[in-house]
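Here's the structure we're looking at; comments come further down.
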Amino acid sequence: MAEDCCSFQLISGAGVLNVEGLENFTRTTNLAQRRLSYAAVAVIGPQSSGKSTLLNKLFRTDFTMMDAYEGRGQTTQGIWIGKGIGIEPFTIAIDVEGSDSSERGQDGTTTFEKRSALFALAIADIVIINMWCHDIGRDNAASRPLLKTVFEAMTRLFGARKTTLLFVLRDQTPTPLERLKHILRRDIDQIWAAAAKSKAQTLGDFFNVEIIALPNFLYEKERFNEQVALLRQRFIHSISPGGLVGDRKDVQPASGFPLRVEQIWKTIKENKDLDLPALEVMVATFRCEQIAKEKLSSLKLDGTWLAMSKALKSGPVSEFGKKLSSILESYLSQYDKEAMDYEESIRKDKQQRLETEALQFVYPAYAAMLQHLRSTALKSFKTRLEKTVKEKRGDGFEESVDNCGWFGMLEFERGCEDATIKKRVSGWLAEKVNVKDRLRGDIETLKSNKKAEYKSERKKIKEEKIKKGVTTTAGVVAGVTVGAAMTLVSDPVTASATGIGVSTATIQLIDIARDIFRRS
Numbered sequence: 014m015a016e017d018c019c020s021f022q023l024i025s026g027a028g029v030l031n032v033e034g035l036e037n038f039t040r041t042t043n044l045a046q047r048r049l050s051y052a053a054v055a056v057i058g059p060q061s062s063g064k065s066t067l068l069n070k071l072f073r074t075d076f077t078m079m080d081a082y083e084g085r086g087q088t089t090q091g092i093w094i095g096k097g098i099g100i101e102p103f104t105i106a107i108d109v110e111g112s113d114s115s116e117r118g119q120d121g122t123t124t125f126e127k128r129s130a131l132f133a134l135a136i137a138d139i140v141i142i143n144m145w146c147h148d149i150g151r152d153n154a155a156s157r158p159l160l161k162t163v164f165e166a167m168t169r170l171f172g173a174r175k176t177t178l179l180f181v182l183r184d185q186t187p188t189p190l191e192r193l194k195h196i197l198r199r200d201i202d203q204i205w206a207a208a209a210k211s212k213a214q215t216l217g218d219f220f221n222v223e224i225i226a227l228p229n230f231l232y233e234k235e236r237f238n239e240q241v242a243l244l245r246q247r248f249i250h251s252i253s254p255g256g257l258v259g260d261r262k263d264v265q266p267a268s269g270f271p272l273r274v275e276q277i278w279k280t281i282k283e284n285k286d287l288d289l290p291a292l293e294v295m296v297a298t299f300r301c302e303q304i305a306k307e308k309l310s311s312l313k314l315d316g317t318w319l320a321m322s323k324a325l326k327s328g329p330v331s332e333f334g335k336k337l338s339s340i341l342e343s344y345l346s347q348y349d350k351e352a353m354d355y356e357e358s359i360r361k362d363k364q365q366r367l368e369t370e371a372l373q374f375v376y377p378a379y380a381a382m383l384q385h386l387r388s389t390a391l392k393s394f395k396t397r398l399e400k401t402v403k404e405k406r407g408d409g410f411e412e413s414v415d416n417c418g419w420f421g422m423l424e425f426e427r428g429c430e431d432a433t434i435k436k437r438v439s440g441w442l443a444e445k446v447n448v449k450d451r452l453r454g455d456i457e458t459l460k461s462n463k464k465a466e467y468k469s470e471r472k473k474i475k476e477e478k479i480k481k482g483v484t485t486t487a488g489v490v491a492g493v494t495v496g497a498a499m500t501l502v503s504d505p506v507t508a509s510a511t512g513i514g515v516s517t518a519t520i521q522l523i524d525i526a527r528d529i530f531r532r533s
C-alpha cells in the first residue's frame, strides 16, 4: 500500500486556519517525534506556473494540478501542506496559492498574496520561487511584483533565520542559463535595494540564492522528469552539511511546528510585524509547559504509582523510596527527552517546575509512609518492652528498657532509609525529623512510665519482704509488734512520741528488722 502524504488545506482562500487539520496531520505523521530532523519547503509563484506539479514530482505529494486543456485558472486556493514521500529528513511540502491571479484581481485585493508570501518565508527553510523564463528581465512581468512582495515581506521579519531561495525558471528558452541568471540577479538586487529598510541590510544577510531552469513539462516531459529527479536528490539529506539548508541555525523542534504555524498566521492576519525570536520564546515556553503537564498527568495515572497508593492505605510499602524514585525519574527523563531541543533556560525552568509539582503530588504518600513506619516502630518497641518487663528483673532493668528504645528508633531509621527517594528535598527531611521526634517522645514517655512502675513495684516488694521476714523470724517479742519495730528503725522520734518502749525484747526485734532490711 502506497504511503499517504496526508495533504490537506492548511489555510482557506478566505484566510481561515484549519487547526483541526493541522493537529491531525501532526499526529498522523508523527511529526513531533522528528525533533530537529525535518525541513519545510514552500513554493510560491504566478498562478498556473506549475507549482503543484513541481511539488508532486519532487515530493510525491498529491496536490491538485491544473488541467492544461482547460486553460489557466486558479487551481490551488489558500495554502496546502503534505508530507514528502521517500525523503529524509521528514519534509513538509507547502503549496501556496498562485500570485497574479485573475480571481484575486477581480476582488481588487492582493492582501492574501502578501500574507501568504510572508507566511512562507517565516515557516519554510527553503522557498521555491517558480517563474517563467520569458518573464525574466521584463518590467511588467509577473515575476517583479512577486519578488517585490517577497522582499518586502522579509523586511517585516525580525530575527529571521537565513532562508534558501531556490529560483526555478520554467520552460527554459534558447537563451543560455548563465545569461538568464545574470539578468535575474540584476533584477533581484534592484528590487532588494528598493525594499530594504536599511542600506546596511544585504540580500546575503537573509537569503541563500540558487537559480536553476527546467524544460517544458508538456512538450519535453522526459527531460523534465529527468531533471526533476536530479533536483529531488538535492532535497534528500537537505539539512546535512553541504545540503540545501545544511548551514541553517536556530532550528525549532518539530513538536512546536503546529503552534508556530498558528501564531505566525495570527500575527500576519493582524497586520503586525513578525518578531521571530520573541515568537520562538513564546512557542518554547508553551511547548515546555505543555510537555510538563502531559508528564505530570501521566505520572498521576501510572500503574505502579496507583498500586503503591492503594497499598499505603493499609500499611507500609516495601522499597517505597526505590519505587517512587524510579517513577519520578522516568517522567522527568521523558520531559527532558521531549523538551531537549528548546531553549535551555526555558526548558530547565519548566523542568524544575515539573519536579516541584510532582514532588508536591507524591508528598502525602511519603508522609503516610512515615506514619506507618512510626506506628510499626512504636508497636515493635512496646512488644520488646513487655518482653523485657517479664524477663529482665532485678539489676540492669533500666538499661534493658533503654535498649528497647534504641532498637525502636533504629527500626524507624532503617525504614526511613528504605522510604527515602534519591532527590533530597528539604520539606521531606523536615517531615521525617518531626515524625522521628514524635516517635522519640512517645518512646521516652513509655520508658519513663515503665521505669516508674518498676520502681514502685520493687519498693512494694521490699516492704512486703521486710514485713514477712520480721514476722517469720521473731514473731512478736515482748508485746512489740513488727510494725512498731519498723517504726523504731525508720523513725525513732515518732516511736518515742507514741510511747513505744525500748525493752531488751524490743531491741532484739529491731536488730532483726534492720538485718532483714539490709539483706533486702
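Counting from 1 along the sequence shown, just add 13 to a position and that's the residue number in my numbering.
Ideal placement from N, C-alpha and C gives every residue a C-beta, glycine not left out.
Fair warning: this is a prediction, and the values are worked out from it, not measured in the lab.
Item	Value
Own chain residues within Cβ distance below 8 Å of G121, not counting five before or after	Low confidence applies to G121: its pLDDT is 45, below 50, so where it sits in the model is not reliable, and the reading given next is rough at best. Closer than 8 Å at the Cβ level, and outside the excluded window around G121, lies no residue.
Distance between D202 and L216 (C-alpha atoms, nearest Å)	8 Å
Residue burial classification, A352 (beta-carbon count within 10 angstroms, cutoff 16)	buried
Reduced DSSP category for K468 - H, G, I as helix; E, B as strand; rest coil	helix
CA nearest to the CA of A133, picked from C146, L179, F425, Q365	L179
Span separating the alpha-carbon of H385 from that of E370	24 Å
Between the CA atoms of F164 and A81 - distance to the nearest angstrom	Residue placement at A81 is poorly supported in this model, since its pLDDT is 48, which falls under 50; the coordinates still yield a value, given next. Cα-Cα distance, rounded: 31 Å.
Buried/exposed call for A291, threshold 16 Cβ in 10 Å	exposed
Runs of beta strand (DSSP E) wholly within the segment 208 to 282 (minimum 3 residues, chain order)	220 to 227
Between the CA atoms of G269 and A535 - distance to the nearest angstrom	The structure shown does not extend to residue 535, since the chain is modelled only from 14 through 533, so no value can be given for it.
Neighbourhood of Y467 by C-beta, 7 Å cutoff - its chain only, sequence neighbours within 5 removed	F410
Start-to-end residues for the alpha helix (DSSP H) that takes in Q60	Per DSSP, Q60 belongs to no alpha helix (DSSP H) and is neither H nor E.
Cβ-based neighbour list, E302, same chain, cut-off 7 Å, excluding 5 preceding and 5 following	K363
Same chain, Cβ closer than 7 Å to K392, five either side skipped, listed in chain order	none
Separation of R261 from G28, as counted between CA atoms	29 Å
Secondary structure of D184, DSSP reduced to three states	coil
Same chain only: Cβ atoms within 8 Å of K282, ignoring 5 sequence neighbours per side	G28, R128
Rounded separation between R40 and I149 - CA only	42 Å
Expected contact under 8 Å - CB spacing of D200 and R157 to nearest Å	7 Å
Check whether L49 and D349 have beta carbons under 8 Å apart	no
Cβ pair count under 8 Å reaching 3, the segment 186 to 200 against the segment 237 to 245	no
K308 classed as buried or exposed, judged by whether at least 16 other C-beta atoms fall within 10 angstroms	buried
Rounded straight-line distance, which links the Cα of D263 to that of L243	29 Å
Inter-residue spacing [alpha-carbon to alpha-carbon] between V32 and N43	16 Å
Contact belief for N229 with D286 at Cβ below 8 Å, rounded distance in angstroms	At roughly 40 Å, the Cβ-Cβ gap does not stay under 8 Å, so N229 and D286 are not in contact.
Cβ-Cβ distance between R451 and R387 below 8 Å	yes
Own chain, CB closer than 7 Å to K463, minus 5 neighbours either side, in chain order	L398, V402, V414
Straight-line gap, V54 to Q347 (C-alpha atoms, nearest Å)	30 Å
Validate contact between the segment 337 to 345 and the segment 433 to 445 using beta carbons, cut 8 Å, 3 pairs	yes
Reduced DSSP secondary structure (H/G/I, E/B, other) of A137	coil
Beta-carbon separation (whole angstroms), I139 vs R273, contact threshold 8 Å	I139 to R273, Cβ: 16 Å. No contact.
Identity of the residues DSSP links to A53 by a beta bridge	I105
Check: G99 C-beta below 7 Å from any heavy atom of the ligand GDP	Questions concerning the ligand GDP fall outside what the structure shown contains, since it holds no ligand whatsoever.
Coil, strand or helix - L372 by DSSP	helix
Those residues which DSSP pairs with Q22 across a bridge	W93
Own chain residues within Cβ distance below 8 Å of G255, not counting five before or after	none
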